[in-house]
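Below is one structure, written out as structure tokens; comments come after it.
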């Protein structure tokens, strides 16, 4: 076998690390643009403002960012961003129960809307 067909250990390790980092970054939540479809108390249903993506993102009902006693005058069509959290938000937001632990949430399950 010629030398140019052999793979170096250093090159293989570099490619392995690059692939692992890319996979971990893909699992992390992303800040995305969104638009309000409806509001109910401190919860809003949003649709994502993305185009030319290879999959369909659903409308989500997520908590509205802000202090507990402040209610923003939101209406249909208001734009903002969704911000991912590092842990489960169900107990704190009222969309679920339980308490958070350090388990990574699914990529669309721990979002908060920021107008």
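Residue numbers (the UniProt record's numbering): 1 to 115.
Backbone N, C-alpha and C fix where the C-beta goes; we use that ideal spot for every residue, glycine too.
Being a predicted model, the structure only gives us computed values, none of them experimental.
Check, Outcome
"Residue from 108, 42, 105, 50 whose Cα sits closest to the Cα of residue 69", "42"
"Of the residues 60, 19, 51, 55, the one placed nearest residue 95, counting alpha carbons only", "60"
"Beta-carbon gap between residue 53 and residue 111 smaller than 7 Å", "no"
"In chain order, each beta strand (DSSP E) run of at least 3 residues that lies wholly inside the region 60–89", "60–63, 79–84"
"Cα-Cα separation between residue 14 and residue 38, rounded to whole angstroms", "47 Å"
"C-beta contact flag for residue 64 and residue 82 at 7 Å", "no"
"Where the beta strand (DSSP E) containing residue 34 begins and where it ends", "32–40"
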